[in-house]
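Novice: This is the structure, below, for whatever I ask next.
Number of protein chains: 8
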Amino acid sequence: MRELLEAVADGSISPAAAEAELNGYVTSEAGRFDAARQQRRGIPEAIFAEGKSAAQVVALAETALETTGRALLTRVDDEQATALRTALADSDPEAAIERRHSTVRVLAPTYEPPELDATVGIVTGGTVDEPVADEAEVVCLDAGATVDRVDDIGVASLARTLDQVDRFRAADVLIVAAGREGALPTVVAGLVDTPVIAVPVDSGYGYGGDGGAALAGMLQSCTVLSVVNIDAGFVAGAQAVLISRAIDRARR
Amino acid sequence: MRELLEAVADGSISPAAAEAELNGYVTSEAGRFDAARQQRRGIPEAIFAEGKSAAQVVALAETALETTGRALLTRVDDEQATALRTALADSDPEAAIERRHSTVRVLAPTYEPPELDATVGIVTGGTVDEPVADEAEVVCLDAGATVDRVDDIGVASLARTLDQVDRFRAADVLIVAAGREGALPTVVAGLVDTPVIAVPVDSGYGYGGDGGAALAGMLQSCTVLSVVNIDAGFVAGAQAVLISRAIDRARR
Amino acid sequence: MRELLEAVADGSISPAAAEAELNGYVTSEAGRFDAARQQRRGIPEAIFAEGKSAAQVVALAETALETTGRALLTRVDDEQATALRTALADSDPEAAIERRHSTVRVLAPTYEPPELDATVGIVTGGTVDEPVADEAEVVCLDAGATVDRVDDIGVASLARTLDQVDRFRAADVLIVAAGREGALPTVVAGLVDTPVIAVPVDSGYGYGGDGGAALAGMLQSCTVLSVVNIDAGFVAGAQAVLISRAIDRARR
Amino acid sequence: MRELLEAVADGSISPAAAEAELNGYVTSEAGRFDAARQQRRGIPEAIFAEGKSAAQVVALAETALETTGRALLTRVDDEQATALRTALADSDPEAAIERRHSTVRVLAPTYEPPELDATVGIVTGGTVDEPVADEAEVVCLDAGATVDRVDDIGVASLARTLDQVDRFRAADVLIVAAGREGALPTVVAGLVDTPVIAVPVDSGYGYGGDGGAALAGMLQSCTVLSVVNIDAGFVAGAQAVLISRAIDRARR
Amino acid sequence: MRELLEAVADGSISPAAAEAELNGYVTSEAGRFDAARQQRRGIPEAIFAEGKSAAQVVALAETALETTGRALLTRVDDEQATALRTALADSDPEAAIERRHSTVRVLAPTYEPPELDATVGIVTGGTVDEPVADEAEVVCLDAGATVDRVDDIGVASLARTLDQVDRFRAADVLIVAAGREGALPTVVAGLVDTPVIAVPVDSGYGYGGDGGAALAGMLQSCTVLSVVNIDAGFVAGAQAVLISRAIDRARR
Amino acid sequence: MRELLEAVADGSISPAAAEAELNGYVTSEAGRFDAARQQRRGIPEAIFAEGKSAAQVVALAETALETTGRALLTRVDDEQATALRTALADSDPEAAIERRHSTVRVLAPTYEPPELDATVGIVTGGTVDEPVADEAEVVCLDAGATVDRVDDIGVASLARTLDQVDRFRAADVLIVAAGREGALPTVVAGLVDTPVIAVPVDSGYGYGGDGGAALAGMLQSCTVLSVVNIDAGFVAGAQAVLISRAIDRARR
Amino acid sequence: MRELLEAVADGSISPAAAEAELNGYVTSEAGRFDAARQQRRGIPEAIFAEGKSAAQVVALAETALETTGRALLTRVDDEQATALRTALADSDPEAAIERRHSTVRVLAPTYEPPELDATVGIVTGGTVDEPVADEAEVVCLDAGATVDRVDDIGVASLARTLDQVDRFRAADVLIVAAGREGALPTVVAGLVDTPVIAVPVDSGYGYGGDGGAALAGMLQSCTVLSVVNIDAGFVAGAQAVLISRAIDRARR
Amino acid sequence: MRELLEAVADGSISPAAAEAELNGYVTSEAGRFDAARQQRRGIPEAIFAEGKSAAQVVALAETALETTGRALLTRVDDEQATALRTALADSDPEAAIERRHSTVRVLAPTYEPPELDATVGIVTGGTVDEPVADEAEVVCLDAGATVDRVDDIGVASLARTLDQVDRFRAADVLIVAAGREGALPTVVAGLVDTPVIAVPVDSGYGYGGDGGAALAGMLQSCTVLSVVNIDAGFVAGAQAVLISRAIDRARR
């Protein structure tokens, strides 16, 4: 610890990074960032931007960048994204910013991405499911997994689904996102012997709308699925990463 | 009317049948029976046995038999069925009794069944759906329709479903009953250009159990379905009869 | 297929139309359009505009127009409608645009509408039900059916309802839309021997508001109804079309 | 008070009756009985038998009988009714016991019933509604009102309802009980200028069953109704009594 | 009828008024107005402004004014109220406009208000209940009843409630509006022998917010209440009018 | 620890008691008993008997008795109580068994009860609330608190409530249990400056029955309450004990 | 009282303060303010600003300030806060205004804060819980209690929680606020023998969002907790004050 | 196929086994058994006994045994288990029957169990969770996985949980079952980098009882979990098997 404090003293490590090393978390004005989560839990803490001010989002992203080499943000709106871009242009102009719908990843120039020998298949039923699937995809890519994305495969015209069975079977783990009646994960899982993580999507209207019918249908599925909450793309992606990493370790 | 009353007086018509002819309904101790429903609405009044005493069920069945030539009963339990059998052995020994799970039909020996030139396809997902489908089937058969029954076609092994597409397409109208996540009507409807009536079935457990997920999923279906309440096999069958009769009239 | 590709090569058919012919669906930037649904399912894929950007709506409408001769759009808001008008003025100035509340239909000048020998009665309880009934009406008209529309027939003054019984009886199939307590479909169905499709409408307030009481009441109806989800005018209309077409085929 | 205590001392009044006179309530082993409710609230405290032991029901009934001249009991099952009959044969052999389904009234031989110059119309949709309507009827009769009971008037065959309009209009206040979709109070209220109290009844099945659809529909009624809880026949009857008594007072 | 048509012809009666006399309802561009409701049901049709355009509200109000001498509007927002004021300044400058929160009444200069010999007590728990109570009050005043309004009597400080018992007892019928836990109608009803109509108000937050706890509590009340839907001030007022009119008739 | 093991060896302490001392919990065939909870959390682990076999209940009770000197059991049915009595007659004939409705306490002859200088007021609305209040009372008595119990104080006749204000004010902490609309805790709390713990009770019927209206009303109370789950008499009692002990410590 | 009126007459006391002294409440244009609540209930009436106009908020705050020496406001938005600041600059320029998120306290210069010898620990799970905890904290500080605030202690990294056990144990009463799955109060309460008041916070998304999962989890806690409604920081704080005051009284 | 039919002809293979080989499913009187599911989906079809007659359960179990070498049954009650034992004593006396609470496995003497190089940790919060965990365990053992079972680790005494971290970390995949507030999976998952499958258990009472709070809490978890339906031990076990098999394949 003496060593660490000396490194802080001579400026070779920032106070935030030192706090992260010592405590596992870093205190910023916008709250604590759990920098050690990656190591303890195997997945980084993502910054859930919804309901936070742009300033809070920027502060947390900069802390994440400083202590873990990159920041992962979900449910980012346009105002928050612009604020982030502006702030980083100033504080860290070399950082790379990637945006997929409402999911944003920021990479320090020195960040060395991990590698993971596993393929996650990500399947959606329709256009409305894509932002949710993007959340999942970014987490998987961040962890170094290969992603095979198959979009717009609704059960209303089954031929579109059956066409893709070979790709479903080639994946190590599948994430299937669907709204409305949410039947797609059941149909896909019935065709493969791969673990399937089902993600209900907030779509539909009237009774069972807002993802409620999809969630209930996935929990009642007559095949084997495990399920995450409505629109929880990040959680599905992170669970796929944990499974992929176990497979990757076994492959080495 | 004078004629009718004279027929009552000389015993050639029972008071109940006369009341039915005059009022459209018959008053028994167990309540009124809407004998004119068949003519007005195109389908007979069925006797919903659940929650009625065996004596009430017998009284209503005998009234129906006397005024419309047959009685249709749903949700009949063993005690009620036995009471009915015993009572009819006495009052109407020539009446024929048919039972399918909890659905019972009693036919007067003189009853002349109608004919209907139309085929109703009735499809179920699993064993648990069969009593509900039986309710529907008995109503369709009672109306003279041809029924093509396809059981045990769950979406968990899709091949079983796809095998039967030709039979689905041959029907004039389809009734599809399913519990758990209730995806079967959506999958079937996506394969045909026939009207599909979806029946959610009270099965499953936990969240969305008791038919709730199935109902929500059918109402949210991304294809075209109309839906009846959970376990409402009679309603689905009667709606199929109304459609079949319109087709039958057009065919003549 | 060679022929088709040559037609693409010489420009007599667009790549989108060729893809539709080959695959059944067409890929645009706004997602896939299921061009073959009309043929397979008997009804066209409608574009559900709610939650889509104006650009996505335009792209899907143009794809539909190109591959099926017309586009059917539901839940279109003013901004989307204006964007569509502007885009079509440019890309397809001869296309005809029809708008009924939030339902829009675009017709290519060469489009030849089908004919259907059947009448759909569409009945509403009050002013608030009309946009939902319009969705149903546009689908029926698009399919070539005759529509008999009876508006503003609430059960609070029953005389208004009873006045119209002859028109109800003259229809081949009835769609009845109602909000609040949703009793109208039950009252109408009790008077006719026609199949009735009930549409609960999102109206009312407090307990059972937003169409919830109407949906529950229709599913509990003591007469025979089949039901679609709250505000699902399109689904009701499409189901009426499937029934009408079966009647029409039988009439020929 | 001295007088009262002397009356207790010489046995011309029981201790319970004296306690009732002094405190308004009487303490028995089965809890307190609110003997003064009649005077304060205008309606007697009824004994809700459901969930009480037969012994508790008997004790409370005897207390009511002793202090108010009669006992009114709701939701009485066969075992409780038998226990009551047995106990009274012993303790008060001249008391008269009236039973209507699960509602029971016991009258002391000296009880002088009140008179009320008002008519309560009580209307039901079907057989299943009758025990609930009986609760209401017994309360109204107990208060001395005239009751005009019209049973089995479901909206599925509207003619049965319309036939009775003159009787509906002749009542000073109407109670309308209905289960399933609960449309009857709305239809009746639309025909009269009388206050209507709607009682949803626990019937039906699946979504909106157990009286839920009926309650929601009555609260959403597009005409003017006030509503009591599901199966709350006693409350509806008591409210009708309060209205009738106001009318009766005005008539005098 | 000949007479009526001649009156239309010579302009002494408007076509709308004539249609109202003949049909009971008047057709305007904004839908039908049930002009005969007052006569048939004893209360006028109120115009529910929420969700209607300002133009529709104006059209319906003018129709009501023309055919029944005044217009009663509920849930009117500022924009609708301004539009109404502007339109009437032009079409009917002598009409008097009264506004209480979101309730508006417009009176033709020739309108002769009815008289009703009955007092309605209207009680509220807090500031938030007042707009709902205003709806009720305006209906009662419109019918000619005397209104005794007691505001801001919450159960959290019971002394405020108990102070007013004499006024509660002096009323012929009581309307009690309360939000949050909705205990006020129970407390008030326990103190009087008057019929009490309870109105749950949309207030509170979290579990049971939006009037849900108040509605449930009023339906579960251990005293005698009848209940209307959340925020249904108009319905409560109209029911009080029907009761008041019965009392008034009895008093004459 | 050596000492402890020697005590086990020479039989002066049982293995269970030794395990409890070492681990804090004891393993029996019926699961672990958290013997250290008393010390850590300030309240003993109660044995929730519902859903357990009589044998499991006996095993856990004997373990509790052996390691903490007494056993506290809630939701005990007759069969379980009899089994317990029989078993203890054999294993520990000197143990004292106390039963209040479904709550049972068993005391070892050597058990020395604690003393607590604080009074808990326990108030109920009606007979149905008493078993729940008994659960609370037994926990308070077990901890040595003084209990002042006030039963049968419903808000339907407010005088019964107001009579008792002095007793409410004399308590250090109040537990108020009520079912139906659950208004009693609000009324009581409005009269005192004591902390009030509200317990909703599973009573009532129809909408808001089973304690739902009471729970919602207590959470929405316009005065200050904290709330426990429906029928959670034990939790309310234990919370009152924790507060009483803090007061007791401050008094010393 | 004569004295009081003379004080009003000579201006040494305001009419509002006199009304407060006489009646316990003060009538302003924005409703009544319960000035005596502090004395009767031990906690001041807070002004719930949500849904009130800025003018109403100002009027109530000024009344509170005048009659109780300070005003406590919850759920204040920016517009209301600004209006308050502006109004007070004019009417009471020496008043001190404190704001914590949406909670505001205004202090008259002459106000003498009470002292309370007790410590309330306030614990939050994350950033989103802080405004709710602030409500609680302001009430506790207003009552003179010592507050020990521990923020950002989520159960996802348990080490952060376990680190703080000594501070938890040092408090006399604990308030624990948490959203999402709401496990924090259970985890904290398992570690201490202090009364814990749990506050569910409106956070999360999808099923169980808006505080619903947190509320349910806290009511189901397998340890001892009492609970307030979602986001009810004020109620939790006030309950902690009532407990603290009892402890404080015992300490004196 | 010729070969297969000859094998049937000479009796070396049963007709059921031949049908299974050809169709993938076998038809018995109790419905179809999906014998090919093991191969297609990687897990056998389990027989869900709840709601089936003993005869149906026996028939399906015998079919499973004959075609896949063993039968896996869940939710078996005593009557069904006895019937199975009796039937097998006759038809297949050498079959081994294993029972864990309501889960039963029957093994043909010739059955050769698979081997799987992976460890599934199964963790429960309390006694009530054990039957659900047993379902999961039997599926894992059937697939050849190693199971490490840790029972009775509730969060109310956290030390019991923290003690077991090393065992949690040693597993390849974790199943965590908990009822009441369902916090255990979140606490466990926060300590490991292993995939965790959370199983809510039907326990608790009042609001959020029957597993509802646990399900909501697990879906809202602030760490990474995937979830199955309430009491769905079989599904959790089967998902763990699919993950384990992927790891096992990678290890080879």
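Chains as they are written, first to last, in full-length UniProt numbering: chain C, 1 to 252; chain G, 1 to 252; chain W, 1 to 252; chain E, 1 to 252; chain Z, 1 to 252; chain F, 1 to 252; chain V, 1 to 252; chain Y, 1 to 252.
Note that beta-carbon positions come from the ideal geometry of N, C-alpha and C, so glycine has one too.
Would DSSP call W/Thr127 helix, strand or coil?
Specialist: W/Thr127: helix per DSSP, three-state reduction.
Novice: What residues from the segment 223-237 of chain Z come within 7 Å of chain W, judged by C-beta to C-beta, listed N to C?
Specialist: Cβ contacts with chain W come from Asn229, Ile230, Asp231, Ala232.
Novice: Excluding the 5 residues preceding and the 5 following Z/Pro195 in the sequence, name in chain order all residues of the same chain whose CB lies nearer than 6 Å to its CB.
Specialist: These residues qualify, in order along the chain: Val173.
Novice: Please list, in chain order, the chain Y residues whose beta carbon lies closer than 8 Å to that of V/Gly190.
Specialist: Per Cβ cutoff of 8 Å: Val155, Ala156, Ser157, Leu158.
Novice: Residues of the segment 157-189 of chain C with a CB closer than 9 Å to any CB of chain Y: list them in chain order, please.
Specialist: Answer set for the segment 157-189 of chain C: Asp172, Val173, Ala189.
Novice: Assuming C/Ile153 contacts C/Val123 (C-beta within less than 8 Å), just tell me the rounded distance between them.
Specialist: Right, their Cβ atoms sit about 6 Å apart.
Novice: What residues of chain F sit near Z/Gly217, judged by a beta carbon separation below 9 Å?
Specialist: Correct list: Arg180, Glu181, Gly182, Ala183, Gly208, Ala213, Ala214, Ala216, Gly217, Gln220.
Novice: Taking just the CA atoms, how far does G/Val224 sit from W/Gln239?
Specialist: So the alpha carbons of these two residues sit roughly 6 Å apart.
Novice: Do the segment 231-245 of chain W and the segment 124-143 of chain W make contact, defined as three or more Cβ pairs closer than 8 Å?
Specialist: Yes: at least three Cβ pairs fall under 8 Å.
Novice: For F/Asp129, count the other beta carbons within 10 Å of its own beta carbon; 16 or more makes it buried, fewer makes it exposed. Which is it?
Specialist: When all chains shown are included, F/Asp129 counts as buried.
Novice: Leaving out five residues before and five after V/Gly179 in sequence, what residues of the same chain have Cβ atoms less than 8 Å from its Cβ?
Specialist: Answer for V/Gly179: Gly125, Gly126, Val128, Asp129, Pro200, Val201, Asp202, Ser203, Gly204, Gly211, Ala214, listed in chain order.
Novice: Within 10 Å of its beta-carbon, does F/Gly51 have 16 or more other beta-carbons around it, so buried, or fewer, so exposed?
Specialist: Label assigned to F/Gly51: exposed.
Novice: Would you mind stating whether F/Leu158 and Z/Leu4 have Cβ atoms separated by less than 8 Å?
Specialist: No, the pair does not count as a contact, with Cβ atoms beyond the cut-off.
Novice: Starting from G/Asp148, trace the beta strand (DSSP E) in both directions and tell me its first and last residue.
Specialist: That run of the beta strand (DSSP E) goes 146-150.
Novice: With distances taken between CB atoms, is the gap from V/Glu79 to V/Ala54 smaller than 8 Å?
Specialist: Going by C-beta atoms, V/Glu79 is nearer than 8 Å to V/Ala54.
Novice: I need the DSSP call for W/Leu116, collapsed to helix, strand or coil.
Specialist: Here W/Leu116 sits in coil by DSSP.
Novice: Is W/Gly204 close to chain E, meaning its C-beta is less than 8 Å from at least one C-beta of that chain?
Specialist: For W/Gly204, the answer is yes, since a Cβ of chain E falls inside 8 Å of its Cβ.
Novice: By DSSP, does F/Arg100 sit in helix, in strand, or in coil?
Specialist: If DSSP states are grouped into helix, strand and coil, F/Arg100 belongs with the strands.
Novice: What does a CB cutoff of less than 8 Å around V/Asp148 pick up in its chain, not counting 5 residues either side in sequence?
Specialist: For V/Asp148, where only same-chain residues beyond five positions count, the Cβ hits under 8 Å are Thr119, Val120, Gly121, Ile122, Arg167, Ala170, Ala171.
Novice: Hey, E/Glu62 and E/Thr103: beta-carbon distance below 8 Å or not?
Specialist: Cβ distance not < 8 Å, so E/Glu62 and E/Thr103 don't count as in contact.
Novice: Let's see if you can read the secondary structure: which residues bound the alpha helix (DSSP H) around Y/Arg2?
Specialist: Unbroken alpha helix (DSSP H) run through Y/Arg2: 2-9.
Novice: Going by other Cβ atoms of all chains shown within 10 Å of its Cβ, with 16 needed for buried, is G/Thr161 buried or exposed?
Specialist: That one is buried.
Novice: Use the C-beta contact count for V/Val150: other C-beta atoms within 10 angstroms, 16 or more gives buried, fewer gives exposed.
Specialist: By the neighbour-count rule (16 or more Cβ atoms within 10 Å), V/Val150 is buried.
Novice: Report the partner residues of C/Leu72 according to the DSSP bridge assignment.
Specialist: According to DSSP, which records beta bridges pairwise, C/Leu72 is partnered with C/Arg105.
Novice: By how many angstroms is the C-alpha of E/Ala64 removed from the C-alpha of E/Pro15?
Specialist: Going from the Cα of E/Pro15 to the Cα of E/Ala64 covers about 13 Å.
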